[in-house]
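If you read the protein sequences in the order shown, they are chains A and B.
The numbering used here numbers the first residue of the first sequence as 1 and each following residue consecutively.
The numbering used here numbers the first residue of the second sequence as 1001 and each following residue consecutively.
Using N, Cα and C, we set each Cβ at its ideal position, and we do this for glycine too.
None of these values were measured; they are calculated from a predicted model.
Have a look at the structure below before the remarks.
2 protein chains.
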Amino acid sequence: MLTLNNVKVVLVNTSHPGNIGASARAMKNMGLSNLALVQPKDFPSGVAVGRAASAVDILESAEIFDSLEQAVSDCALVICASARSRKIPWPMLTPEESATKILKEVNANKVAIVFGREDAGLNNDELQLGHFHVQIPAEKNCSSLNLAAAVLVICYEIYKLSLRSISKELIKDQDHWDQKLATNGEVEYFYKHLERVMIAIDFHDPENPRQLIQRVRRLFNRIRIDVMEMNILRGILSNVENAINKKEN
Amino acid sequence: MLTLNNVKVVLVNTSHPGNIGASARAMKNMGLSNLALVQPKDFPSGVAVGRAASAVDILESAEIFDSLEQAVSDCALVICASARSRKIPWPMLTPEESATKILKEVNANKVAIVFGREDAGLNNDELQLGHFHVQIPAEKNCSSLNLAAAVLVICYEIYKLSLRSISKELIKDQDHWDQKLATNGEVEYFYKHLERVMIAIDFHDPENPRQLIQRVRRLFNRIRIDVMEMNILRGILSNVENAINKKEN
Chain A
1 MLTLNNVKVV
11 LVNTSHPGNI
21 GASARAMKNM
31 GLSNLALVQP
41 KDFPSGVAVG
51 RAASAVDILE
61 SAEIFDSLEQ
71 AVSDCALVIC
81 ASARSRKIPW
91 PMLTPEESAT
101 KILKEVNANK
111 VAIVFGREDA
121 GLNNDELQLG
131 HFHVQIPAEK
141 NCSSLNLAAA
151 VLVICYEIYK
161 LSLRSISKEL
171 IKDQDHWDQK
181 LATNGEVEYF
191 YKHLERVMIA
201 IDFHDPENPR
211 QLIQRVRRLF
221 NRIRIDVMEM
231 NILRGILSNV
241 ENAINKKEN
Chain B
1001 MLTLNNVKVV
1011 LVNTSHPGNI
1021 GASARAMKNM
1031 GLSNLALVQP
1041 KDFPSGVAVG
1051 RAASAVDILE
1061 SAEIFDSLEQ
1071 AVSDCALVIC
1081 ASARSRKIPW
1091 PMLTPEESAT
1101 KILKEVNANK
1111 VAIVFGREDA
1121 GLNNDELQLG
1131 HFHVQIPAEK
1141 NCSSLNLAAA
1151 VLVICYEIYK
1161 LSLRSISKEL
1171 IKDQDHWDQK
1181 LATNGEVEYF
1191 YKHLERVMIA
1201 IDFHDPENPR
1211 QLIQRVRRLF
1221 NRIRIDVMEM
1231 NILRGILSNV
1241 ENAINKKEN
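Here it is, written out as structure tokens:
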């Protein structure tokens, strides 16, 4: 049985409470219920309640976070909505591909779909928390969807796919893996550890970072590290530190 | 060449001008431009303009009609949005099937997609003007989509399908990456280098390998490493070796 309870919609720094309400309604229409808000500018709000219609329960149970990192720390798959192509391209999915990926993993892992500000979307640091980016197809001369519209399209694709009879096969097809995936929080610790080691071995100069950290994040985010691999990587880093320190003493 | 100029979105007796504006924006996002309004309750309206964002041109060129019959009189295919199943069942399409039907006919005929009132949808007389009804899949306990949300879903399916004809270009576009992928030979050198370093830092014992090398290979093979990433990883390994050797001298 496919469960959508592990899917979380995250709205970052939303300006207009009406968009939060409309997103909640779209989620409920499409069978989703977990809403997370990162620094909403105006919430709770009567306007949000008005636009939520019969989805007020989703607003009431919404979780509020100070940062996107916190909001997705319990998730093993994070997909960020992105309108633009970035300087450093990131693995990019269509809404349909996102739905497929999410439904394949949702019984095993918590999953987040992240949407940015109405005017400026997600910033680069936020986008780098994603394993994938999703872009909604739209006309070049009018490519910016309303926030709740973008939420609806992604939720609609997830819901549609979950209704399909093939969704049963999808579950069977769930990528069999011998280990659980590492959570985003665990992977963040690894990035901090790796950065510390790269500085210690004179490979990385925080004063002149170029795009090193960004590229390293893109690299490891593509792997979807499992917990045993996380232990191996952290173990390698610790032994490098020990090897350097031993020589120093 | 597929033209969407023959597709008309018809909104019947809309109460809230914000929904007209948001529908116009959704249409423009999805490459549609012909809006027809049947007895709108509050139009023109500043609220509609505000929600239309960059789709004000669609509001300005919208046609106003006294009845749905007039609005669709020049169309050869009329598809009516319907949330409920009717006493007399009508040929019912999914949003995807509607898109297929519309795109098959759109070069030859004018086509209308019709959406009813926010609270009550289309009445029976209006529904009978449709050749088909379309129902958007939604949860039973919250099946009523916002009007503009319903417009968006249908327009999105039409647009998505219209892009398929150039989908080969789309795929090229999505697989854009800024670097070439590393060759298998280069990746093998990396594995040898990594193994050497793991031995040097006492993380790996070739006499008692357990499954370490196997797991490390599985990990990095999943990434599809590009050449710049390969340089970064090799650079890290070299600097680790230098850091250890420096201390030894």
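Can you tell which of the options has the C-alpha that lies nearest to the C-alpha of residue i?
i, options, result
"valine 1012 (chain B)", "B:Arg1164, B:Glu1126, B:Glu1186, B:Leu1032", "B:Glu1126"
"leucine 1237 (chain B)", "A:Phe203, A:Leu4, A:Met30", "A:Phe203"
"asparagine 107 (chain A)", "A:Lys180, A:Pro89, A:Thr3, A:Ala36", "A:Thr3"
"lysine 101 (chain A)", "A:Ile154, A:Ala182, A:Lys246", "A:Ile154"
"leucine 212 (chain A)", "B:Ala1076, B:Gly1235, B:Ala1150, B:Arg1025", "B:Gly1235"
"phenylalanine 190 (chain A)", "A:His131, A:Val78, A:Pro40, A:Leu233", "A:Leu233"
"asparagine 1124 (chain B)", "B:Trp1090, B:Val1151, B:Glu1097, B:Ala1150", "B:Trp1090"
"isoleucine 1201 (chain B)", "A:Lys180, A:Val111, A:Ser54, A:Ile244", "A:Ile244"
"tyrosine 159 (chain A)", "B:Glu1139, B:Asp1119, B:Gln1214", "B:Glu1139"
"alanine 1149 (chain B)", "B:Arg1210, B:Ala1081, B:Met1198, B:Asn1034", "B:Ala1081"
"proline 1137 (chain B)", "B:Leu1194, B:Arg1222, B:Met1092", "B:Met1092"
"valine 1111 (chain B)", "B:Ser1061, B:Pro1044, B:Asp1042, B:Leu1032", "B:Leu1032"
"asparagine 6 (chain A)", "A:Met198, A:Lys192, A:Phe115, A:Ala76", "A:Ala76"
"leucine 1059 (chain B)", "B:Asn1141, B:Phe1132, B:Ser1045", "B:Ser1045"
"valine 114 (chain A)", "A:Leu68, A:Tyr156, A:Glu157", "A:Leu68"
"arginine 1196 (chain B)", "A:Ser143, A:Asn29, A:Val240, A:Ser144", "A:Val240"
"valine 216 (chain A)", "A:Lys246, A:Pro40, A:Ile88, A:Ala62", "A:Ile88"
"leucine 161 (chain A)", "A:Thr14, A:Asn19, A:Met30, A:Ala24", "A:Met30"
"proline 1040 (chain B)", "B:Ser1144, B:Ala1052, B:Val1056, B:Asn1019", "B:Asn1019"
"aspartate 1057 (chain B)", "A:Ser23, A:Pro95, A:Lys28, A:Asn141", "A:Asn141"
"proline 95 (chain A)", "A:Phe132, A:His193, A:Asn109", "A:Phe132"
"arginine 164 (chain A)", "A:Ala52, A:Leu103, A:Lys28", "A:Leu103"
"alanine 180 (chain A)", "A:Asn109, A:Ile64, A:Thr14, A:Ser23", "Per the sequence presented here, residue 180 (chain A) reads as lysine, with alanine not at that position. Minimum Cα distance to lysine 180 (chain A) is reached at A:Asn109."
"alanine 1052 (chain B)", "B:Ile1064, B:Phe1043, B:Ala1024", "B:Ala1024"
"lysine 1028 (chain B)", "B:Phe1043, B:Asp1042, B:Ala1055", "B:Ala1055"
"leucine 1116 (chain B)", "B:Thr1014, B:Asn1221, B:Lys1192, B:Ile1064", "Reading the sequence as shown, one finds glycine at residue 1116 (chain B) and not leucine. The shortest Cα separation from glycine 1116 (chain B) among B:Thr1014, B:Asn1221, B:Lys1192, B:Ile1064 belongs to B:Thr1014."
Assign residue i to one of three DSSP states: helix, strand, or coil.
i, result
"aspartate 1125 (chain B)", "helix"
"isoleucine 1225 (chain B)", "coil"
"methionine 230 (chain A)", "helix"
"valine 1012 (chain B)", "strand"
"isoleucine 113 (chain A)", "strand"
"isoleucine 79 (chain A)", "strand"
"valine 1007 (chain B)", "strand"
"asparagine 34 (chain A)", "strand"
"phenylalanine 43 (chain A)", "coil"
"glutamate 118 (chain A)", "coil"
"lysine 101 (chain A)", "helix"
"leucine 1059 (chain B)", "helix"
"isoleucine 1201 (chain B)", "coil"
"isoleucine 1064 (chain B)", "strand"
"leucine 1002 (chain B)", "coil"
Quick one: does the C-beta of residue i sit closer than 7 Å to a heavy atom of the ligand MN?
i, result
"isoleucine 113 (chain A)", "In the structure shown, the ligand MN is absent, as is every other ligand, since no ligand is present at all."
Report back the beta-carbon spacing between residue i and residue j to the nearest angstrom; my notes put them in contact at under 8 Å.
i, j, result
"valine 72 (chain A)", "leucine 37 (chain A)", "Contact doesn't hold; Cβ gap of about 13 Å is too wide."
"glycine 183 (chain A)", "aspartate 74 (chain A)", "According to the sequence as given, residue 183 (chain A) is threonine; it is not glycine. With a Cβ gap of about 6 Å, threonine 183 (chain A) and aspartate 74 (chain A) count as contacting."
"histidine 1302 (chain B)", "glutamate 1118 (chain B)", "Because chain B in this structure spans residues 1001 to 1249, residue 1302 (chain B) falls outside the shown range and cannot be described."
"isoleucine 1199 (chain B)", "proline 1206 (chain B)", "7 Å"
"glycine 1021 (chain B)", "alanine 1048 (chain B)", "4 Å"
"isoleucine 223 (chain A)", "leucine 1219 (chain B)", "6 Å"
Using a Cβ-Cβ cutoff of less than 6 Å, which residues in the same chain neighbour residue i once the five nearest sequence positions on both sides are dropped?
i, result
"serine 1098 (chain B)", "Ile1079, Val1134"
"glycine 121 (chain A)", "Ala83"
"asparagine 1034 (chain B)", "Lys1008"
"tryptophan 10 (chain A)", "Correcting the residue identity first, residue 10 (chain A) is valine in this sequence and not tryptophan. Cβ within range, chain order: Ala36, Ala71, Ala112, Val114."
"tyrosine 1156 (chain B)", "Met1030"
"asparagine 146 (chain A)", "none"
Might you give, ordered along the chain, the residues of its own chain that have their beta carbon closer than 8 Å to the beta carbon of residue i, omitting 5 neighbours on each side?
i, result
"tryptophan 1177 (chain B)", "Asp1226"
"methionine 230 (chain A)", "Ala182, Glu186, Val187, Phe190"
"serine 1144 (chain B)", "Ala1083, Ala1138"
Go through its chain and collect everything with a Cβ distance to residue i's Cβ below 7 Å, but skip five positions before and after it.
i, result
"leucine 1152 (chain B)", "Ala1026"
"glycine 50 (chain A)", "Gly21"
"lysine 1246 (chain B)", "none"
"lysine 1172 (chain B)", "Caution applies to lysine 1172 (chain B), whose pLDDT of 44 falls short of 50 and renders its modelled position unreliable; the value that the coordinates give is listed next. Closer than 7 Å at Cβ, skipping near neighbours: no residue."
"phenylalanine 43 (chain A)", "Pro17, Ile20, Leu37"
So that I know if they touch, is there some Cβ in chain C lying closer than 8 Å to that of residue i?
i, result
"alanine 1081 (chain B)", "This model lacks chain C altogether, as its protein chains are A and B."
Unbroken stretches of the beta strand (DSSP E), 3 residues or longer, contained in the region 127 to 197 of chain A: Within the region 127 to 197 of chain A, the runs of beta strand (DSSP E) that reach at least 3 residues and sit entirely inside it are, in chain order, 132 to 134.
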